[in-house]
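Residue numbers (the numbering used here), protein chains in the order written: chain A, 1 to 569; chain B, 1 to 61.
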């Protein structure tokens, strides 16, 4: 038996709804085209939605009866918003989220470094967007409810699993007892403490940093713009770093490091939280304002990943697969990219148009991303929370120099999450002109988004299936290309042929025509008339040609059958 | 490699010693790290600075 809380969680800004639990008297055996996702956090829900968009049915198991507590993940990158756009939730999210571009690093009352995230007129979303996780989950759940392919089963706690050759059987505890749930594929999106990962005794590689951090969310009317504020070594807490983030609903996040002599229990005592918030408010001259505590938690900075996300028929995503430091917004934002990469590959295996071995490329591509993030995150963490006396001395020397000396100021700028390029992916075409074309749009990189004259964006047309983007003029496309794409479709590969007309002349044989111009072709796509991009369902470039080459698309898809499963190189 | 002129080095020697004396003991380490970073910036050569670090790390005992 499993008894999740039946009282709505407390929040000053979000009204929790308690959903009825699901129970089955009989064992559940899903059909071969159904995927079971364990965990209904942002990554579990996004994986479910992306799978459903590709025609896969999903059963989503949540051990709780309500959405998660507190603001938690908070900051979502442009890339995350693009993925959330692909699932149909971005518009709802942006109706409430707060977009921002600037971060301020403050020392001794002065802005020592001001970070500006680059933006482009072709971006659909701001570089960074703040929204409490419960609200994000709320909008994802609304989107799920609009989708017939997904069923959410609340109050379903997975307590055991048994893998066989062609299926996984989960033992599920509910408020009414126990039942068995059997599915061909299980996605483990069960979070940082992943019980599935723990039961499998899978080891994670990487580093755990010393130091714990407190998050305290308060409701206060602070009249600051939405920008990240980072206070280094404030007078009330020398050597520490305090972050402040604006959230919707007049909520502000205070995030600070705990002294190593203080236990988490001690730190979370109301009087200690109150004192820290009040001291910080006093330092910024706002201690006359009234405020109220909403939610608080303690977390530790870790940089760990599994070395293989595909364990037979159980596949790990998000925090269940890796634990990444939140400096530089790398937690949930990495998870969304996992979800996007996994969803089309798993859909391909479920639908049968690719061999199951394609899932090996999910491990290769996403473990590679996690390792890159771990290396980058280490740099931020070493500055934000110096792990040794030596690092602390260097950090303090930089702070001290920064007010007078410009050269040290860029050290304040912690590298924020950026989309990983699958440069060495085993799926990238080996039959193309990649080596002869511009590095900026190399295989594995994201195809740049394009804003069209009517206000629509390229990504809206190319999500969830493969796209052959051909730059055309005079309304011409090689007949053999049209025929080859038809042949691929006949093999049930979800692929479309899009003509990007640089002279406004449409190509009748294309599935879609989009008008660009020579400048956009050259500046955004770094290509001329006749060039072709093969783009993955998740917007990453999978092959590119200066001109159409017969049978090369087909050969590229044939590569998908030859991926070696296992540990990423 | 050319050497710093002896009278220049003597000035550096005295000024550094007097500066260390004028700084509270608990700030001396920080002072030296700041000085090192400023010197690295002046050098504009990371690999030369690495060599200097390695040379300074050699202790006779």
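From the three backbone atoms N, C-alpha and C, an ideal C-beta is built for every residue, glycine too.
Bear in mind that the values here come from a model prediction, so they are computed numbers and not experimental data.
Practice task
Output yes if chain B places a C-beta closer than 9 angstroms to the C-beta of residue 569(A); else output no.
Solution key: Counting from one through the first chain, the residue named residue 569(A) turns up at place 569. Because the pLDDT of residue 569(A) is 41, which lies under 50, any placement of that residue in the model is unreliable, and the number read from its coordinates should be weighed accordingly. False, the Cβ-Cβ gap to chain B never drops below 9 angstroms.
Practice task
Name, please, each residue of chain B whose Cβ falls closer than 7 angstroms to the Cβ of residue 400(A).
Solution key: In the first chain, the residue the question calls residue 400(A) occupies position 400. Within 7 angstroms Cβ-Cβ: 30 and 34.
Problem - Presumed contact (8 angstroms Cβ cut-off) between residue 343(A) and residue 546(A), rounded CB distance - result: The residue given as residue 343(A) occupies position 343 in the first chain. The residue given as residue 546(A) occupies position 546 in the first chain. About 31 angstroms; that fails the 8 angstroms criterion.
Exercise for the section: Evaluate contact between the region 265-272 of chain A and the region 159-167 of chain A, counting only Cβ atoms and requiring at least three cross-stretch pairs below 8 angstroms. Expected result: Because the criterion of three Cβ pairs below 8 angstroms is not met, the region 265-272 of chain A and the region 159-167 of chain A do not touch.
Practice task
Could you work out which residues of chain B lie near residue 553(A), taking near to mean beta carbons separated by less than 9 angstroms?
Solution key: As a first step, residue 553(A) must be located in the first chain, where it is residue number 553. Around residue 553(A), no beta-carbon contact reaches into chain B at under 9 angstroms, the shortest distance being about 46 angstroms.
Handout entry: Rounded straight-line distance, which links the Cα of residue 28(B) to that of residue 6(B)
Key = Here residue 6(B) is taken as the residue at index 6 of the second chain, counted from 1. Here residue 28(B) is taken as the residue at index 28 of the second chain, counted from 1. Per the coordinates, the alpha-carbon of residue 6(B) lies some 25 angstroms from the alpha-carbon of residue 28(B).
Exercise for the section: Pull up the CB-CB distance for residue 444(A) and residue 537(A), whole angstroms please, since I reckon it's below 8 angstroms. Expected result: As a position in the first chain, residue 444(A) is number 444, starting the count at 1. As a position in the first chain, residue 537(A) is number 537, starting the count at 1. Cβ-Cβ separation between residue 444(A) and residue 537(A): approximately 14 angstroms, too far for a contact (criterion under 8 angstroms).
Exercise for the section: Give me the Cα-Cα distance between residue 101(A) and residue 275(A), rounded to the nearest whole angstrom. Expected result: The count along the first chain starts at 1 and reaches residue 101(A) at position 101. The count along the first chain starts at 1 and reaches residue 275(A) at position 275. Residue 101(A) and residue 275(A): Cα-Cα distance of roughly 30 angstroms.
Exercise for the section: State whether the region 21-33 of chain A contacts the region 175-184 of chain A, with contact taken as three or more CB pairs (one from each stretch) at a distance under 8 angstroms. Expected result: The region 21-33 of chain A vs the region 175-184 of chain A: in contact.
Problem - Counterpart residues of residue 99(A) in DSSP-defined beta bridges - result: For the purposes of this step, residue 99(A) is taken as residue 99 along the first chain, with counting starting at 1. Partner(s): 129(A).
Handout entry: Check whether residue 542(A) and residue 466(A) have beta carbons under 9 angstroms apart
Key = Residue mapping note: residue 542(A) aligns to position 542 of the first chain, counting from 1. Residue mapping note: residue 466(A) aligns to position 466 of the first chain, counting from 1. Yes; because the gap between Cβ atoms is below 9 angstroms, this pair is in contact.
Exercise for the section: Spell out the partners DSSP gives residue 298(A) in its beta bridges. Expected result: By one-based count along the first chain, residue 298(A) stands at place 298. For residue 298(A), which the question treats as bridged, DSSP gives the partners 214(A).
Practice task
Would you decide whether residue 518(A) is buried or exposed? Buried here means 16 or more other CB atoms lie within 10 Å of its CB.
Solution key: Reading the first chain from its first residue, position 518 is the one you call residue 518(A). The residue in question, residue 518(A), is exposed, as its Cβ has fewer than 16 Cβ neighbours within 10 Å.
Practice task
Please list, in chain order, all residues of the same chain as residue 435(A) whose beta carbon is under 6 angstroms from its beta carbon, the five residues on each side excluded.
Solution key: Translated into positions along the first chain, residue 435(A) becomes position 435. Answer for residue 435(A): no residue qualifies.
Practice task
Answer yes or no: does any C-beta atom of chain A fall closer than 9 angstroms to that of residue 54(B)?
Solution key: Along the second chain, read from residue 1 onward, the residue named residue 54(B) stands at position 54. No, because no Cβ of chain A sits closer than 9 angstroms to the Cβ of residue 54(B).
Exercise for the section: Using a Cβ-Cβ cut-off of 9 angstroms, state whether residue 3(B) counts as contacting chain A. Expected result: Within the second chain, residue 3(B) is the residue found at index 3, counting from 1. No, its Cβ sits nowhere closer than 9 angstroms to a Cβ of chain A.
Exercise for the section: Taking only beta-carbon positions, decide if residue 403(A) is within less than 9 angstroms of chain B. Expected result: Position 403 of the first chain, counted from the start, is the residue given in the question as residue 403(A). By this cut-off, residue 403(A) is not an interface position.
Handout entry: CB contact flag (residue 405(A), residue 54(B), <9 angstroms)
Key = As a working note, residue 405(A) is residue 405 in the first chain. As a working note, residue 54(B) is residue 54 in the second chain. No; because the gap between Cβ atoms is not below 9 angstroms, this pair is not in contact.
Practice task
Confirm, please, whether the CB-CB distance from residue 301(A) to residue 209(A) is below 9 angstroms.
Solution key: Within the first chain, the letter at position 209 stands for residue 209(A). Within the first chain, the letter at position 301 stands for residue 301(A). Against a cut-off of 9 angstroms, the Cβ pair of residue 301(A) and residue 209(A) comes out as a contact.
Exercise for the section: Would you tell me roughly how many angstroms separate the C-alpha atoms of residue 194(A) and residue 41(A), rounded to the nearest one? Expected result: Against the first chain, residue 194(A) aligns to sequence position 194. Against the first chain, residue 41(A) aligns to sequence position 41. The alpha-carbon atoms of residue 194(A) and residue 41(A) are separated by roughly 12 angstroms.
Handout entry: Which listed residue (289(A), 363(A), 494(A) and 500(A)) has its alpha carbon closest to that of residue 458(A)
Key = Stepping through the first chain from its first residue, residue 458(A) is reached at position 458. Ranking 289(A), 363(A), 494(A) and 500(A) by Cα distance to residue 458(A) puts 500(A) first.
Problem - residue 377(A) beta carbon less than 9 angstroms from that of residue 448(A) - result: Residue 448(A) sits at position 448 when you count from the first residue of the first chain. Residue 377(A) sits at position 377 when you count from the first residue of the first chain. Cβ distance not < 9 angstroms, so residue 448(A) and residue 377(A) don't count as in contact.
Exercise for the section: Please say whether residue 258(A) and residue 267(A) have beta carbons closer to each other than 9 angstroms? Expected result: Here residue 267(A) refers to the residue found at position 267 of the first chain. Here residue 258(A) refers to the residue found at position 258 of the first chain. Their beta carbons are under 9 angstroms apart, which means residue 267(A) touches residue 258(A) by this criterion.
Problem - C-beta neighbour in chain A for residue 43(B), strict 9 angstroms - result: What you label residue 43(B) is simply residue 43 of the second chain in a count that begins at 1. Judged by the 9 angstroms Cβ criterion, residue 43(B) is not in contact with chain A.
Problem - Beta-carbon proximity check, residue 98(A) vs residue 204(A), cutoff 9 angstroms - result: For this step, residue 98(A) is matched to residue 98 along the first chain. For this step, residue 204(A) is matched to residue 204 along the first chain. Their beta carbons are not under 9 angstroms apart, which means residue 98(A) does not touch residue 204(A) by this criterion.
Handout entry: Where residue 135(A) falls: helix, strand or coil (DSSP)
Key = Position 135 of the first chain holds residue 135(A). Residue state, collapsed to three classes: helix.
Practice task
Could you tell me the boundaries of the alpha helix (DSSP H) in which residue 94(A) lies?
Solution key: Here residue 94(A) refers to the residue found at position 94 when the first chain is read from its first residue. Looking at the DSSP string, the run of the alpha helix (DSSP H) that includes residue 94(A) is 90-94.
Exercise for the section: Say whether chain B places a C-beta atom closer than 9 angstroms to the C-beta of residue 397(A). Expected result: Here residue 397(A) refers to the residue found at position 397 of the first chain. Yes - at least one Cβ of chain B is within 9 angstroms of the one on residue 397(A).
Problem - Residue interval of the alpha helix (DSSP H) (run including residue 173(A)) - result: As a first step, residue 173(A) is located in the first chain; it is residue number 173 there, counting from the start. No alpha helix (DSSP H) contains residue 173(A), which is instead part of the beta strand (DSSP E) from 168-174.
Handout entry: Cβ neighbour criterion (16 or more within 10 Å) applied to residue 569(A)
Key = Numbered from 1 along the first chain, position 569 holds the residue referred to as residue 569(A). The pLDDT assigned to residue 569(A) is 41, lower than 50, so where the model puts this residue is not dependable, and the model offers no usable value.
Exercise for the section: Measuring only between beta-carbons, confirm whether residue 16(B) sits less than 9 angstroms from chain A. Expected result: Translated into the one-based positions of the second chain, residue 16(B) becomes position 16. No, because no Cβ of chain A sits closer than 9 angstroms to the Cβ of residue 16(B).
Handout entry: Host beta strand (DSSP E) of residue 519(A) (start-end)
Key = Working through the first chain from its first residue, we reach residue 519(A) at position 519. It is not in any beta strand (DSSP E) - residue 519(A) instead sits in the alpha helix (DSSP H) that spans 518-523.
Problem - Identity of the residues DSSP links to residue 466(A) by a beta bridge - result: For the purposes of this step, residue 466(A) is taken as residue 466 along the first chain, with counting starting at 1. Answer is 495(A).
Practice task
Step through the CB atoms of chain A and report whether any lies within less than 9 angstroms of the CB of residue 20(B).
Solution key: As a first step, residue 20(B) is located in the second chain; it is residue number 20 there, counting from the start. No, residue 20(B) does not count as interfacial toward chain A.
Problem - CB contact flag (residue 28(A), residue 189(A), <9 angstroms) - result: By 1-based counting over the first chain, the position of residue 28(A) is 28. By 1-based counting over the first chain, the position of residue 189(A) is 189. Against a cut-off of 9 angstroms, the Cβ pair of residue 189(A) and residue 28(A) comes out as no contact.
Handout entry: Residues of the region 86-114 of chain A whose Cβ lies closer than 9 angstroms to any Cβ of chain B, in chain order
Key = Cβ contacts with chain B come from no residue of the region 86-114 of chain A.
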